[in-house]
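Visitor:
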Ligand code: SAM
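Numbering (this note's numbering), first residue to last: 15 to 253.
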């Protein structure tokens, strides 16, 4: 886990022996399950450390130190796939409630397995689409931190994510490439869902061959009850 340890160090994170052991186990299980179900195209030991584990941990750069200690701090990861970025973050921060939303049943089964294997507490898998889970009182406007990586372009993505965010909380989108146009196209949707773009953080690490960004969107108003619209509509007809 040398690549992960070094990269995490650059983010100001010192991984302890227990955490490194969990990342090792996570890698082994990911590769094992990937033989049977399609979890990831990235399987090389070094590439998984950088492109999955370290990339997931970059979301820490959008956290305010003291909030993580708060007993009501909670995290939801929408469209988590094989657990990114939610599971690496949970390995780092064992305390807060973590909900993993994933509609593909086989991926949800892997998530359930890995939670048990890594002994992650206070973690729940929801085998559902964001358009459905986002209307349930158990999840709607309940989370201080909403995460989502590689699920949709920003105009659709905010409809899938902001309904989960409580007022005063934040949605952090991980993006790369040409973000300016994506941001300007999402302006109307962000406002309609009760959000406000507050910061764009540039992430540049030697472990990555490209520049990455964290788009931080604050939740300032409640999301109108008509959002999210029916399954498939946010991506087909973004606001
Ligand atoms: N976040 C993971 C990552 O970065 O490795 C997985 C990314 S994968 C490209 C996109 C994931 O989003 C898939 O696992 C898919 O099932 C999930 N997804 C797609 N549409 C969704 C929706 N409407 N609600 C929740 N999850 C969705």
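Glycine included, every Cβ here is placed at the ideal spot set by N, Cα and C.
Contact check, residue 188 vs residue 101 under 8 angstroms by CB: the rounded distance?
Guide: The Cβ separation is near 14 angstroms, so there is no contact.
Visitor: Is any non-hydrogen atom of ligand 1 found closer than 7 angstroms to the C-beta of residue 191, if you look at the structure I gave you?
Guide: Every heavy atom of ligand 1 is 7 angstroms or more from the Cβ of residue 191, so no.
Visitor: Where does residue 250 fall in DSSP's three states?
Guide: Of the three classes helix, strand and coil, the one that applies to residue 250 here is helix, per DSSP.
Visitor: Within 10 angstroms of its Cβ, does residue 128 collect 16 or more other Cβ (buried), or is it exposed?
Guide: Buried, since its Cβ has 16 or more Cβ neighbours within 10 Å.
Visitor: Kindly identify the DSSP beta-bridge partner or partners of residue 88.
Guide: In DSSP, residue 88 forms a bridge with 111.
Visitor: What is the DSSP secondary structure of residue 138, counted as helix, strand or coil?
Guide: Strand.
Visitor: Between residue 139 and residue 176, is the Cβ-Cβ spacing less than 8 angstroms?
Guide: Their beta carbons are not under 8 angstroms apart, which means residue 139 does not touch residue 176 by this criterion.
Visitor: Out of 160, 120, 122, point me to the one whose CA is closest to residue 110's CA.
Guide: Taking only the C-alpha atoms, the option nearest residue 110 is 160.
Visitor: For residue 186, write down the residues that DSSP places opposite it in a beta bridge.
Guide: Answer is 161, 230, bridged to residue 186.
Visitor: Whole-angstrom Cβ separation of residue 244 and residue 81, contact assumed at under 8 angstroms?
Guide: Going by Cβ atoms, the distance from residue 244 to residue 81 rounds to 34 angstroms, so no, they are not a contact pair.
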